[in-house]
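Participant: From first to last, the protein sequence lines are chains A and B. Residues in the first sequence are numbered from 1 upward in steps of one, following our numbering. Residues in the second sequence are numbered from 1001 upward in steps of one, following our numbering. Right, I'll just put the structure down here and ask away after.
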Amino acid sequence: MRSIRSQLILTLVVCVSILFAAASTALYVYARDALQTQFDEALTTRILSFSEMAEAQVKDDRIFYEFEFDEFPLPEFQPSADAEYYEVWRDDDSVLIRSASLKNRDLPRIAVDDALPALGDVPLPDGRRGRAVALWFSPLIESDDESPTMETGRRASRLYMTMARSRESLDGALLGLLFGFGAMWGLLVAGLAVTIRWSVGRGLRPLEKIAHDAAAIESTDLSHRFQTDGLPRELNPIGQRLNELLGRLDEAFQRERRFNADVAHELRTPIAELRTLAEVALKKTTSSETEPSHGEYFTDVFDIAVQMESMMTALLSLVRSEAGRLDIAREPVDLTALIEKSAALFQEEMARKKISAEFAHPESAIVESDGTLVSSILTNLFSNAVGHAPPGGSVRCALVETDRGFTLSLTNTNDQLVEEDLVHLLEPFWQKDPSRTEATRNGLGLSIVAAYAAALGLILETALRAEGLFEITLFFPPPEN
Amino acid sequence: MRVLVIEDSLRLSKYVRDGLAQAGYSVDVAHDGEEGLWLALSNEYDAIILDLMLPKLDGIAVLQRLRAKGRKTHVLILTARDSVADRVRGLDEGADDYLVKPFALEELIARVQTLIRRSYGFKDPVLSIGGLKIDTARRIVSRGSRELSLTVREFALLEYLVMRKGEVVSRTEIEKHIYDEQAEPSSNVVDSSIHRLRKKIETVGAGDLIRTRRGMGYVIEDQKK
């Protein structure tokens, strides 16, 4: 499994190591060149100053050379373990002078193209690696006070001088520098690994806390929320999104729980009634104490069966609708006729509850829809309005045609609902009364209305109006042609 | 024994009442939480059967208020809610038993009997006094191989007296525990029942177990030899 910590540590260590290695290499090359230049400059300066110390004199038409450094030999050119060397050739390649340290051996000659000194690495006679500088030069012909010549002030023929010294000190310094950089690189990588590991671990601690908090969330309780106050700025949005997700899950969980409890109640209570009724009836039938009264039992059995059938039918309609398995047959449907037909089903109940009804609709209102589903919607809407209007209340149905199609509004008095209830109204089994006492209502009516409306492409709105009026509005869009 | 049923389903409460009455209990019924709480506080019940989803005042609130008033009446919760959390909450709030709908009436009655026995400090369903064996589960009274033929009310009276064996039980207490609120016992109905019960007990040779304490009530105890 990929680890953010390992990946971060590896990436950071590798990247920083590469960067440091590149920087070290550049620094080393710069230092090496600087040291080499410094070494070469010292060597060049010396050969130039030595060349200046050479003099020529003409005697009897012969040129004699004098080298001050040869007459007064410097200690570093004497034979020793760290001796330096020089050698001077005439133009005809014959050796003019050489340092005592050479012991009659020759220095390798390096090519010199012009008047400038040329530098190169050479093996020294004693086997050491050396650095040599060479140049062609022409000593100035000096006058002899005793026999001045015409040549005074001119240059003698050119000489080739080479000078060499061991470069082991330079190579040693460069090697030391290289090892120094290498050691620093190694230490840095190790130090980086430790520091980055600590730093990444510290940086990831809030994530570990989130993971720990998440592990503490139980499947049966989603009320837990992550503490976002102490989270770093980068993780704060994640914490907030997780909390929002938990909130949504909790809401869905609660809705599911309510649904289960409601279904359980709707199913368990009539089954319990049926079972208890049967047990009591059986006992009475076998008991000599009481005369059995089957009529009452059968009435209740019938009522319970009707109640359960109604609930199962509604539930199946809802499930079918939500699964998209409704057979929709669109045809011209007269809304006015369907309203009158549906309202007629509740005339008796409205009369019994002394509910005043008011209808406002055109003589005919044709829409392109499914007559069966629209009829079911209207029946459920009237059932809801009449069922929830208190005795002496009112129900008002208005159908108006606008340029956006037909708008149907059904308003009924209902002083029980509050604004917060509106979000639950369309949930399956939701009832204002949590005790669900009323056996004739199962809380599925408006859910079916919502499901059918969605299937037919109708827009459904619910609202609470002034003076305890609940209004549900359906928009029938005009046909798409 | 007198039981209160607080259940909003009219049909279920009716048949539970009938079933309990067949088993010899006096039963009062309330259809909402407020009425149930009022009855529970106004009368002395031997057990209360309580639904949770009730109008006006839910079952848990009824239970909390009952316990807050110091009432120790045994309560059996009878509900459609079957989750562990609901059961735990009900029991935590002071219920003594929990039964989920749908249920077997026999089980409900057995549980109610157990609660009542427990409230009087008995564990064995068979009570005994003066050679009489009172089987509270099977609702049978016998002495040796002879079985007493008692009416439901007579059995309830004997059961209540035996549950309070050795204690003087007043007529009012008997009325409160044997008759429900719909029954209006006449002034001598308790005396008449006691009289009939004594006679039936004597027919099986158990002697005069029920003594009258003038001006106070009745006491049942083993005969002193």
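The beta carbon of each residue, even a glycine, is placed where N, CA and C say it ideally should be.
1. Just mark residue 1109(B) as buried or exposed, buried being the case when its beta carbon has 16 or more other beta carbons within 10 Å.
2. Determine the chain B residues that contact residue 275(A) at a beta-carbon separation under 8 Å, and present them in chain order.
3. Check each candidate in 1031(B), 1011(B), 1198(B) and 1081(B) and name the one with the smallest Cα separation from residue 257(A).
4. In chain B, which residues lie less than 7 Å from residue 300(A) when you measure between Cβ atoms?
5. Just list the alpha helix (DSSP H) runs in the region 21-78 of chain A, keeping only unbroken ones of 4 residues or longer that don't cross its boundaries, in chain order.
6. Are residue 96(A) and residue 65(A) closer than 9 Å when you measure CB to CB?
7. Are at least three pairs of beta-carbons, each pair with one atom in the region 339-347 of chain A and one in the region 371-384 of chain A, less than 8 Å apart?
8. Please classify residue 134(A): does DSSP put it in a helix, a strand, or coil?
9. Exposed or buried, which one is residue 463(A) when buried takes at least 16 other CB atoms within 10 Å?
10. Using only the alpha-carbon positions, how far apart do residue 1036(B) and residue 217(A) sit?
11. On the three-state DSSP scale, how would you describe residue 295(A)?
12. Closer than 9 Å, CB to CB, is residue 435(A) near chain B or not?
13. Would you say residue 101(A) and residue 118(A) are within 9 Å of each other, going by their C-beta atoms?
14. Could one say the Cβ of residue 561(A) lies closer than 9 Å to chain B's Cβ atoms, at least one of them?
15. Assuming residue 316(A) and residue 365(A) form a contact by the criterion Cβ under 8 Å, report the distance between their Cβ atoms to the nearest whole angstrom.
16. Taking a Cβ distance cut-off of 7 Å, strictly less, list which residues of the region 1042-1066 of chain B are near chain A, in chain order.
17. Going by DSSP, what residue range makes up the beta strand (DSSP E) through residue 412(A)?
18. Are any of the Cβ atoms in chain A nearer than 9 Å to that of residue 1113(B)?
19. On a CA-only basis, which of 175(A), 51(A) and 185(A) is nearest residue 23(A)? Give me that one, please.
20. To which residues of the same chain is residue 956(B) closer than 7 Å at the C-beta, ignoring the five residues directly before and after it?
21. Do residue 1066(B) and residue 1094(B) have their C-beta atoms closer together than 9 Å?
22. Beta-carbon of residue 265(A) versus every beta-carbon of chain B: anything under 9 Å?
23. Quick one: which chain B residues come within Cβ less than 8 Å of residue 440(A)?
24. Rounded to whole angstroms, what's the CA-CA distance from residue 1125(B) to residue 1135(B)? Just pull it up for me.
25. Using 8 Å as the cut-off, can you tell me whether the region 415-422 of chain A makes contact with the region 437-449 of chain A, which would need three or more C-beta pairs spanning the two stretches below that distance?
26. Count the other CB atoms, across all protein chains shown, that sit within 10 Å of the CB of residue 1011(B); report buried if there are 16 or more and exposed otherwise.
27. If residue 299(A) sits next to residue 1015(B), beta carbons under 8 Å apart, how far is it from one beta carbon to the other, in whole angstroms?
28. Find the nearest neighbour of residue 56(A) within the set 280(A), 265(A), 140(A) and 224(A), judged by alpha-carbon distance.
29. Between 1144(B), 1178(B) and 1145(B), which lies nearest to residue 1158(B) when the distance is taken from Cα to Cα?
30. Alpha carbon to alpha carbon, what distance is there between residue 327(A) and residue 347(A)?
31. Within the 9 Å Cβ cut-off, does residue 261(A) reach chain B?
32. By how many angstroms is the C-alpha of residue 1021(B) removed from the C-alpha of residue 289(A)?
33. Nearest by alpha-carbon distance to residue 447(A): which of 472(A), 465(A) and 468(A) is it?
34. Within this structure, are the beta carbons of residue 25(A) and residue 86(A) separated by less than 9 Å?
35. Pull the bridge partners of residue 1231(B) from the DSSP assignment, please.
36. Measure the C-alpha to C-alpha separation of residue 1101(B) and residue 373(A) and round it to an integer number of angstroms.
Facilitator: If we stick to the structure as given:
1. Sequence index remark: in the second sequence, residue 1109(B) carries index 109 (1-based). It counts as buried.
2. In the first sequence, residue 275(A) corresponds to position 275, counting from 1. Neighbours of residue 275(A) on chain B, chain order: 1102, 1103, 1104 and 1105.
3. In the first sequence, the residue the question calls residue 257(A) occupies position 257. Comparing Cα positions, the closest option is 1081(B).
4. The count along the first sequence starts at 1 and reaches residue 300(A) at position 300. Residues of chain B passing the Cβ test: 1011.
5. 68-71
6. For the purposes of this step, residue 96(A) is taken as the residue at position 96 of the first sequence. For the purposes of this step, residue 65(A) is taken as the residue at position 65 of the first sequence. Yes, they are a contact pair.
7. yes
8. Counted from its first residue, the first sequence places residue 134(A) at position 134. DSSP places residue 134(A) in strand when its eight states are reduced to three.
9. Walking along the first sequence from the start, residue 463(A) turns up at place 463. Per the 10 Å Cβ criterion, exposed.
10. Residue 1036(B) sits at position 36 when you count from the first residue of the second sequence. Residue 217(A) sits at position 217 when you count from the first residue of the first sequence. Distance between the alpha carbons of residue 1036(B) and residue 217(A): 39 Å.
11. In the first sequence, residue 295(A) corresponds to position 295, counting from 1. Of the three classes helix, strand and coil, the one that applies to residue 295(A) here is helix, per DSSP.
12. Indexing the first sequence from 1 puts residue 435(A) at position 435. With 9 Å as the cut-off, residue 435(A) counts as an interface residue toward chain B.
13. Within the first sequence, residue 101(A) is the residue found at index 101, counting from 1. Within the first sequence, residue 118(A) is the residue found at index 118, counting from 1. In this structure, residue 118(A) does not lie closer than 9 Å to residue 101(A) by Cβ.
14. Look at the range of chain A in this structure, 1 to 481, and you will see that residue 561(A) is not part of it.
15. Here residue 316(A) corresponds to residue number 316 of the first sequence, with the count starting at 1. Here residue 365(A) corresponds to residue number 365 of the first sequence, with the count starting at 1. Contact flag wrong, Cβ pair sits at about 30 Å.
16. 1053, 1054, 1055 and 1058
17. Taking the first sequence and counting its residues from 1, one reaches residue 412(A) at position 412. Residue 412(A) -> beta strand (DSSP E) spans 405-413.
18. Taking the second sequence and counting its residues from 1, the one referred to as residue 1113(B) is at position 113. By this cut-off, residue 1113(B) is not an interface position.
19. Translated into the one-based positions of the first sequence, residue 23(A) becomes position 23. For residue 23(A), the nearest C-alpha among the options comes from 185(A).
20. Any question about residue 956(B) goes unanswered here, given that chain B covers just 1001 to 1225.
21. Locating residue 1066(B) in the second sequence gives position 66, where the first residue counts as 1. Locating residue 1094(B) in the second sequence gives position 94, where the first residue counts as 1. Against a cut-off of 9 Å, the Cβ pair of residue 1094(B) and residue 1066(B) comes out as a contact.
22. The residue labelled residue 265(A) in the question sits at position 265 within the first sequence. With 9 Å as the cut-off, residue 265(A) counts as an interface residue toward chain B.
23. Walking along the first sequence from the start, residue 440(A) turns up at place 440. What residue 440(A) touches in chain B: nothing, since even the nearest Cβ is about 12 Å away.
24. Here the question's residue 1125(B) lines up with position 125 in the second sequence. Here the question's residue 1135(B) lines up with position 135 in the second sequence. For residue 1125(B) and residue 1135(B), the distance between alpha carbons rounds to 6 Å.
25. no
26. The count along the second sequence starts at 1 and reaches residue 1011(B) at position 11. Under this definition residue 1011(B) is a buried residue.
27. If you number the first sequence from 1, residue 299(A) lands on position 299. If you number the second sequence from 1, residue 1015(B) lands on position 15. Residue 299(A) to residue 1015(B), Cβ: 13 Å. No contact.
28. For the purposes of this step, residue 56(A) is taken as the residue at position 56 of the first sequence. The shortest Cα separation from residue 56(A) among 280(A), 265(A), 140(A) and 224(A) belongs to 140(A).
29. Residue mapping note: residue 1158(B) aligns to position 158 of the second sequence, counting from 1. Comparing Cα positions, the closest option is 1178(B).
30. Within the first sequence, the letter at position 347 stands for residue 347(A). Within the first sequence, the letter at position 327 stands for residue 327(A). Going by the C-alpha atoms only, they are around 30 Å apart.
31. On the first sequence, position 261 is the one that residue 261(A) refers to. Closer than 9 Å to some Cβ of chain B, the Cβ of residue 261(A) qualifies, so yes.
32. In the first sequence, residue 289(A) corresponds to position 289, counting from 1. In the second sequence, residue 1021(B) corresponds to position 21, counting from 1. Note that residue 289(A) scores a pLDDT of 48, beneath 50, so its modelled location is shaky and nothing firm can be said.
33. Translated into the one-based positions of the first sequence, residue 447(A) becomes position 447. The option with the nearest alpha carbon to residue 447(A) is 472(A).
34. As a working note, residue 25(A) is residue 25 in the first sequence. As a working note, residue 86(A) is residue 86 in the first sequence. Result no, Cβ atoms of residue 25(A) and residue 86(A) do not sit closer than 9 Å.
35. With chain B represented from 1001 up to 1225, any question about residue 1231(B) goes unanswered, as that position is not in the structure.
36. Against the second sequence, residue 1101(B) aligns to sequence position 101. Against the first sequence, residue 373(A) aligns to sequence position 373. Each residue's Cα considered, the two are about 35 Å apart.
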